[in-house]
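Chains as they are written, first to last, in my numbering: chain A, 39 to 557; chain B, 3 to 225.
If you want it as structure tokens, here you go:
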């Protein structure tokens with residue numbers, strides 16, 4: 039979920055319950071205020087001079103909507119004056135006729151008769167309706183409603199009984215215990231309503247208070263805009279930096295938390311850069327060491343091969359052992375070559391120096407490399423190349439070693455009197471096929487597909503000769519794959535193994551052949 | 003006197019061996035153990051240069067660059083590093099060939115020989131390969147001076163082989179040259195012709211069967 043949407047939803051999720059809670063609290067408060075006002079009004083009406091007397095004088099007629107009284111007596115009981123007593127009852131209970139009139143009409147008439155209530159600008163509820171009861175909750179007035187349930191239970195223990203959860207509605211009904219605690223007017227039921235409308239106790243009655251809320255909401259979203267924008271830019275910058283191996287720094291703007299984040303990213307990038315550089319240096323050093331060691335090994339190995347040749351040329355006895363020693367020396371050379379090649383292609387991104395390579399000359403070089411040892415081992419090694427040069431775009435070291443491995447494999451896994459042939463041909467238009475075929479023991483068909491696996495050795499090969507890590511054909515396959523050259527193993531009709539390199543010829547100037555210029 | 007070969011190799015033992023084997027093969031080697039520029043007068047009489055790359059003094063590639071500015075003498079580079087840049091660099095600077103160490107002495111000699119071998123004069127109508135003399139215009143063949151009667155196919159077969167003496171050539175290519183393109187079962191037919199041709203050229207074993215490839219016209223007289 040996007041940050042902006044999440045924040046908007048969170049704001050809404052927090053604001054709405056808060057508003058609902060406030061509105062509910064307001065409803066409860068309004069209801070309580072109405073109940074208190076009603077209780078105060080009732081007590082005042084009953085305690086004002088003649089209030090109780092009027093009720094007890096004729097309890098069966100007392101009740102209903104009363105006119106406005108004189109208000110509650112002051113805290114310190116005001117002494118009754120003669121004036122008060124002489125004041126005519128202004129609504130000492132409605133007459134039957136009045137009670138039977140439709141309420142709207144009666145109310146309007148009562149409104150009209152009564153002096154307007156003191157106006158403080160607030161709406162008010164409908165006028166109170168009172169009924170008197172004795173302590174057994176019986177009323178002499180037949181119009182009085184029956185009291186039961188929670189109200190009856192509550193009055194037993196308190197001075198003023200109210201309905202639980204009455205705030206849900208606008209109706210207010212309370213039962214008030216009179217201080218005299220006896221007679222037909224010991225309890226008074228007061229009915230009324232809360233102020234019309236649905237707010238006003240705690241929240242302002244008009245909805246102007248929603249305005250700051252909406253403003254807050256808008257402010258949150260507006261303030262978030264630039265923040266989201268900066269985070270997006272930072273993300274983009276970090277992504278760019280990461281795609282370039284953290285080579286480019288992450289731009290830092292501002293010194294707030296986002297600025298901090300950018301700085302942290304930048305520091306992490308620098309650290310990664312430093313680690314990568316250290317790794318590159320180590321790898322380079324290792325590569326350099328390997329190249330130098332290869333060079334250092336190759337010279338004494340060449341000298342050793344020279345000595346072995348020399349010995350064999352002059353040997354009367356022990357020729358078998360000398361040939362075996364030569365084969366081992368040749369094998370060591372192949373391993374060292376493969377080691378160097380493996381170090382190259384095992385790099386995370388193998389660096390290919392692709393140049394046009396004359397495949398026919400490459401085949402000649404490979405044949406020349408292995409012919410002396412093939413001759414000693416009694417394996418007839420021959421090669422055929424087309425008259426016209428075949429060129430491919432390749433890393434000459436890698437491709438030569440790949441072909442060399444396959445050819446050496448054909449010689450090594452062969453027997454005296456066996457054959458190995460390398461055949462380079464143009465096939466189907468602009469493609470070439472380099473086929474290395476031998477008539478050695480070959481490989482069971484089931485194992486053909488696994489030949490290129492690293493470390494794989496055919497059981498047939500294992501029983502005859504230990505074969506190092508089995509890197510040769512694996513390297514051939516890897517190099518072929520790196521160059522987009524196909525490599526296929528098959529069993530030729532006469533037995534043995536047939537390996538085909540197939541690929542696209544390169545047409546253009548060959549860099550590794552200046553032969554034409556010198557002939 | 004053999005052809006003169008300059009060997010520039012800093013390793014004493016290896017240099018000694020190279021010189022020894024070249025001398026045995028009939029060449030006249032000169033050996034330098036340090037890298038330095040080859041002067042024009044020194045280059046003049048040389049048939050070939052065998053050049054190691056990593057040398058004390060001047061680097062092999064620099065020697066090559068300077069040499070190529072003056073002379074076309076063939077250069078065979080010795081490389082001990084599995085470094086493509088070295089090889090490609092050497093070839094781009096005008097080296098003719100390179101050999102990767104380690105190598106067998108006979109491999110070296112073979113490569114020198116291949117480099118110094120004069121290609122057969124293809125423009126001439128008469129080809130001489132070993133004991134064979136082939137007159138392409140007159141369509142006649144002589145074995146050590148003895149004329150041999152050949153059919154048209156046999157003659158074309160022999161000429162096709164003689165175009166690349168010493169090289170193994172495929173049956174399909176030979177069939178195309180001698181029998182014409184795309185003939186049914188032509189490779190079998192070719193073997194029959196080859197067999198007849200061999201009998202006519204006997205006792206000289208000029209035509210060799212090469213396993214897995216086809217035929218080859220032998221360059222050196224049979225051992």
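In this text, a Cβ means the ideal position worked out from N, Cα and C, and glycines have one as well.
Per DSSP, cross-strand counterpart(s) of residue i
i              : result
residue 369(A) : Paired residue(s): none; residue 369(A) is not in a bridge.
residue 394(A) : 431(A)
residue 210(B) : 218(B)
residue 540(A) : 471(A) and 524(A)
residue 458(A) : 419(A) and 476(A)
residue 227(A) : 169(A) and 213(A)
residue 103(A) : 167(A)
residue 81(B)  : 102(B)
residue 44(A)  : Beta-bridge pairing links residue 44(A) to no other residue.
residue 139(B) : For residue 139(B), which the question treats as bridged, DSSP gives no partner whatsoever.
residue 31(B)  : 7(B)
Neighbouring residues, chain A, relative to residue i (Cβ below 7 Å)
i              : result
residue 216(B) : 422
Close-in-space but distant-in-sequence residues of the same chain around residue i (CB under 7 Å, 5 per side omitted)
i              : result
residue 392(A) : 431, 432 and 433
residue 89(A)  : 83
residue 60(B)  : 37, 38 and 39
residue 145(B) : 133, 134, 203 and 206
residue 158(A) : Any answer about residue 158(A) is weak, because its pLDDT of 49 lies below 50 and its placement is not dependable; what the coordinates show is given next. If we look at residue 158(A) and ignore the five residues flanking it on each side, it has no Cβ neighbours.
residue 208(A) : 231 and 232
residue 560(A) : This structure leaves residue 560(A) out entirely; chain A is present only between 39 and 557.
residue 95(B)  : 63, 66, 67 and 70
residue 20(B)  : 9, 11, 52 and 110
residue 113(B) : 78, 99 and 101
residue 447(A) : 510 and 511
Within chain A, partners of residue i - CB distance below 9 Å
i              : result
residue 166(B) : 425
residue 172(B) : 422, 424, 461 and 463
residue 16(B)  : 337, 338, 340, 341 and 344
residue 202(B) : None at all; the shortest Cβ gap to chain A is about 24 Å.
Cross-chain neighbours of residue i in chain A, by beta carbon under 8 Å
i              : result
residue 181(B) : Those within 8 Å of residue 181(B) in chain A number zero; the least Cβ separation is about 18 Å.
Cβ shell of residue i (< 6 Å), same chain only, five flanking positions each side left out
i              : result
residue 155(B) : 180 and 195
residue 140(A) : Its pLDDT being 43, under 50, residue 140(A) is placed unreliably by the model, and the measurement read from it follows with that caveat. Excluding sequence neighbours, residue 140(A) sits near nothing in its chain.
residue 110(A) : With a pLDDT of 44 at residue 110(A), under the threshold of 50, the predicted position of this residue should be treated as unreliable, though the coordinate-derived value follows. The answer, listed in chain order, is 78 and 82.
residue 286(A) : 279
residue 336(A) : none
residue 461(A) : 422 and 473
residue 142(A) : Because residue 142(A) carries a pLDDT of 42, less than 50, the predicted location of this residue cannot be relied on, and the following value inherits that uncertainty. Once the five neighbours on either side are set aside, residue 142(A) has no close Cβ partner at all.
Where residue i meets chain B, residues with beta-carbon distance less than 8 Å
i              : result
residue 44(A)  : The contacting residues do not exist; residue 44(A) stays about 56 Å from chain B at best.
residue 281(A) : Within 8 Å Cβ-Cβ: nothing; residue 281(A) doesn't reach chain B, min ~29 Å.
residue 475(A) : 214
residue 457(A) : 213 and 214
Proximal residues of chain B, C-beta to C-beta of residue i below 7 Å
i              : result
residue 599(A) : There is simply no residue 599(A) to check, as chain A begins at 39 and stops at 557 in what is shown.
residue 393(A) : 90
residue 418(A) : 213
residue 286(A) : By Cβ distance, chain B contributes nothing, its closest Cβ being about 29 Å from residue 286(A), past 7 Å.
residue 558(A) : Only positions 39 to 557 of chain A appear in the structure, and residue 558(A) is not among them; the question remains open.
residue 371(A) : 104
Contacts that residue i makes with chain B (C-beta to C-beta distance below 9 Å)
i              : result
residue 409(A) : 106, 108, 109 and 112
Close beta carbons around residue i, own chain, < 8 Å, minus the five adjacent residues each side
i              : result
residue 65(B)  : 10, 37, 38, 39, 40, 53 and 57
residue 17(B)  : 9, 11, 33 and 35
residue 465(A) : 471 and 540
residue 173(A) : 219, 220, 224 and 225
Residue i CB to nearest heavy atom of the ligand ADP below 8 Å
i              : result
residue 187(A) : Absent from the structure shown: the ligand ADP. Ligands present: none.
Worksheet item: Should the segment 184 to 201 of chain A be regarded as contacting the segment 48 to 64 of chain A, the criterion being three or more beta carbon pairs within less than 8 Å?
Response: no
Worksheet item: Are the segment 401 to 414 of chain A and the segment 131 to 142 of chain B touching by the rule of at least three beta carbon pairs closer than 8 Å?
Response: no
Item to complete: Closer than 7 Å, Cβ to Cβ, to anything on chain A: give me those residues from the segment 6 to 35 of chain B, in chain order.
Response: 13, 15, 16 and 19
Fill in: At least 3 beta-carbon pairs within less than 8 Å: the segment 417 to 428 of chain A vs the segment 75 to 86 of chain B
no
Worksheet item: Counting Cβ pairs, one atom from each stretch, are 3 or more of them under 8 Å apart for the segment 257 to 277 of chain A and the segment 41 to 50 of chain A?
Response: yes
Discussion item. Using a Cβ distance threshold of 8 Å, determine whether the segment 334 to 351 of chain A contacts the segment 362 to 371 of chain A, with at least three qualifying pairs required.
Written reply: yes
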